[in-house]
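Numbering (the numbering used here), first residue to last: 656 to 1095. Heads up, the beta-carbon is just placed ideally off N, CA and C, and yes, glycines get one too. Quantities reported herein were computed from a predicted structural model and do not represent experimental measurements. The next block holds one structure in the form of structure tokens; read it before the comments.
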């Protein structure tokens, strides 16, 4: 009997090992692995044979971003923009999974506990010009990269910034950021038990471009049609053993503005793409001689159930979530509303974060969505600028709206957007229906 039980035990143990190995292989094998356990694909150069003017090539931006540009002398300008923000006085929101010695701001803001959000880190900050005047709002969503090595103080992340500057427009930016510098300073402060004082200037941008530059994907308003590069510098003044670091960030942007509209791709479109009447300029980075796909996705969120935060300027009456959340006091932000919420797929599962900032002008509203899907990438979306709650607004990439750009698997995507907003018994529900085209 004892031998029989021993044999059964060995068999069960072997079965358990086989099951665990099978699960490990299943999780590791790409088609079956949940997106939350994947590394977002890196943006790489796909048009290396394109010849660029010397001043354009010096930026290091991948050539595919210039397709359709007239880069003849006098047909474009290279412009710069510098912004800054304090980690203490300008930082309105700070949230993540809540497992580290990093404070949440405000204290009662929801932590990111869902599996798909567990690697996330969120900030909302005022943006200032270099004279110190508040000129806009910056919304940041990071997804911690699997290349991180906490034992060596290296925490890397795929990061998207949305800069909203009332009176000028919106800019969509992305970067790979991180490195050991901040972690090493924090470790030193913890070991000594005392705050480190000094000044450390750190280029926090790692890529994806050469020479540690991030990408400006595009924008709206005054920034419509631009592409470019940027770097984020952290100027650290004080590092306590625990709590908020005293630092400032500087954002140095360089972008190219074409003097005329970009030309189309000059290729006959497949029927399944042509039927969506996408503007030719939105198809420039797609190659229909390569495999491509047309996909449909539906997302939704419900407020206040899915809210991470919502705040507003002094001339708006939108709800503030949580109630302790600071509102915008600056005159430049008085008509601005910002929110971040969990976004759900067709099954109701939380799969990412949806950030939106809306500027309410006298006769219209100008809005944007940044949809971050960890392990996949980010979609930069403009719903129709005149859409109103209760309405349906089809939009494509143009001055009216659409999918402007993306990162990860959505790096060269374009497509259409339908936004529907419905009132519910305790709030409202947003439904986003996306049809997009991308190379595989």
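Under the DSSP definition of a beta bridge, which residues are partnered with residue 958?
-> As a position in the chain shown, residue 958 is number 303, starting the count at 1. Note: residue 958 sits in a beta bridge opposite 1083.
Can you list, in chain order, the residues of its chain whose CB lies under 6 Å from that of residue 693, leaving out five sequence neighbours each side?
-> Within the chain shown, numbered from 1, the residue matching residue 693 stands at position 38. Hits under 6 Å: 1030.
Helix, strand or coil: which one does DSSP assign to residue 682?
-> Within the chain shown, the letter at position 27 stands for residue 682. In this prediction, residue 682 has a pLDDT of 47, which is less than 50 and means its spatial position is unreliable; nothing more can be read from the coordinates.
Starting from residue 838, follow the alpha helix (DSSP H) in both directions and report where the run begins and ends.
-> Within the chain shown, numbered from 1, the residue matching residue 838 stands at position 183. Element bounds for residue 838: 836-847.
What residue range is occupied by the uninterrupted alpha helix (DSSP H) comprising residue 926?
-> Taking the chain shown and counting its residues from 1, one reaches residue 926 at position 271. Run containing residue 926: 926-929, per the alpha helix (DSSP H) assignment.
Express the C-alpha separation of residue 939 and residue 723 in angstroms, rounding to a whole number.
-> Numbered from its first residue, the chain shown carries residue 723 at position 68. Numbered from its first residue, the chain shown carries residue 939 at position 284. For residue 723 and residue 939, the distance between alpha carbons rounds to 7 Å.
Quick one: residues in its chain with C-beta nearer than 7 Å to the C-beta of residue 752, no 5 flanking neighbours on either side, listed in chain order?
-> As a first step, residue 752 must be located in the chain shown, where it is residue number 97. Excluding positions up to five away in sequence, the list reads 766, 767, 768, 773.
Taking the continuous beta strand (DSSP E) assigned at residue 887, which residues delimit it?
-> Numbered from its first residue, the chain shown carries residue 887 at position 232. It spans 882-894 - the beta strand (DSSP E) in which residue 887 sits, taken as one unbroken run.
What is the rounded straight-line gap between the Cα of residue 703 and the Cα of residue 910?
-> The residue labelled residue 703 in the question sits at position 48 within the chain shown. The residue labelled residue 910 in the question sits at position 255 within the chain shown. Their Cα atoms are separated by approximately 20 Å.
Helix, strand or coil: which one does DSSP assign to residue 1064?
-> Within the chain shown, the letter at position 409 stands for residue 1064. Note: residue 1064 maps to helix in three-state DSSP.
Residue 928 versus residue 1061: straight-line alpha-carbon distance, rounded = What you label residue 928 is simply residue 273 of the chain shown in a count that begins at 1. What you label residue 1061 is simply residue 406 of the chain shown in a count that begins at 1. Computed Cα separation, rounded: 19 Å.
For residue 996, does the three-state DSSP call read helix, strand or coil?
-> Taking the first residue of the chain shown as position 1, residue 996 is located at position 341. Residue state, collapsed to three classes: strand.
Of the residues 1036, 838, 735, 1080, which one's Cα is nearest the Cα of residue 1090?
-> If you number the chain shown from 1, residue 1090 lands on position 435. It is 1036 whose Cα lies nearest to the Cα of residue 1090.
Three-state class that DSSP yields for residue 776 in the structure shown = Taking the first residue of the chain shown as position 1, residue 776 is located at position 121. Three-state DSSP puts residue 776 in a strand.
Go to residue 711, then tell me how far its alpha helix (DSSP H) extends in each direction, as first and last residue.
-> Numbered from its first residue, the chain shown carries residue 711 at position 56. Per DSSP, residue 711 belongs to the alpha helix (DSSP H) from 709-712.
Skipping 5 residues on each side, what residues in its chain have a beta carbon closer than 8 Å to that of residue 762?
-> Residue 762 sits at position 107 when you count from the first residue of the chain shown. For residue 762, where only same-chain residues beyond five positions count, the Cβ hits under 8 Å are 979.
Using CA coordinates, which residue listed in 771, 776, 745 is at the minimum distance from residue 755?
-> Here residue 755 is taken as the residue at index 100 of the chain shown, counted from 1. It is 776.
Range covered by the beta strand (DSSP E) that runs through residue 812 = Here residue 812 is taken as the residue at index 157 of the chain shown, counted from 1. Per DSSP, residue 812 belongs to the beta strand (DSSP E) from 812-820.
Measuring CA to CA, which of 1026, 892, 1021 is closest to residue 837?
-> Start at 1 with the first residue of the chain shown, and residue 837 comes out as number 182. That would be 892, whose Cα lies nearest to the Cα of residue 837.
Buried or exposed: where does residue 874 fall if 16 or more other Cβ atoms within 10 Å of its Cβ makes it buried?
-> Translated into positions along the chain shown, residue 874 becomes position 219. Buried.
Which term fits residue 958, buried or exposed, when burial requires 16 or more other beta carbons within 10 angstroms of its beta carbon?
-> The residue you call residue 958 lines up with position 303 of the chain shown. Its Cβ being crowded by 16 or more others within 10 Å, residue 958 is buried.
Alpha carbon to alpha carbon, how far is residue 1063 from residue 964? Give it in angstroms, no decimals.
-> Along the chain shown, one-based indexing puts residue 964 at 309. Along the chain shown, one-based indexing puts residue 1063 at 408. Each residue's Cα considered, the two are about 25 Å apart.
Mark residue 813 as exposed unless 16 or more other C-beta atoms lie within 10 angstroms of its C-beta, in which case mark it buried.
-> Mapped onto the chain shown, residue 813 falls at position 158. Classification of residue 813: buried, given that the 10 Å Cβ count is 16 or more.
How would you call residue 727, buried or exposed, if buried means at least 16 neighbouring beta carbons within 10 angstroms?
-> Position 72 of the chain shown holds residue 727. With fewer than 16 other Cβ atoms within 10 Å, it is exposed.
Do residue 750 and residue 764 have their C-beta atoms closer together than 7 Å?
-> For the purposes of this step, residue 750 is identified with residue 95 of the chain shown, where counting begins at 1. For the purposes of this step, residue 764 is identified with residue 109 of the chain shown, where counting begins at 1. In this structure, residue 764 lies closer than 7 Å to residue 750 by Cβ.
Nearest-angstrom Cα distance between residue 933 and residue 1070?
-> Counting from one through the chain shown, the residue named residue 933 turns up at place 278. Counting from one through the chain shown, the residue named residue 1070 turns up at place 415. Using only the alpha carbons, I get a separation of about 7 Å.
Do residue 1010 and residue 794 have their C-beta atoms within less than 7 Å of each other?
-> Here residue 1010 refers to the residue found at position 355 when the chain shown is read from its first residue. Here residue 794 refers to the residue found at position 139 when the chain shown is read from its first residue. Yes.
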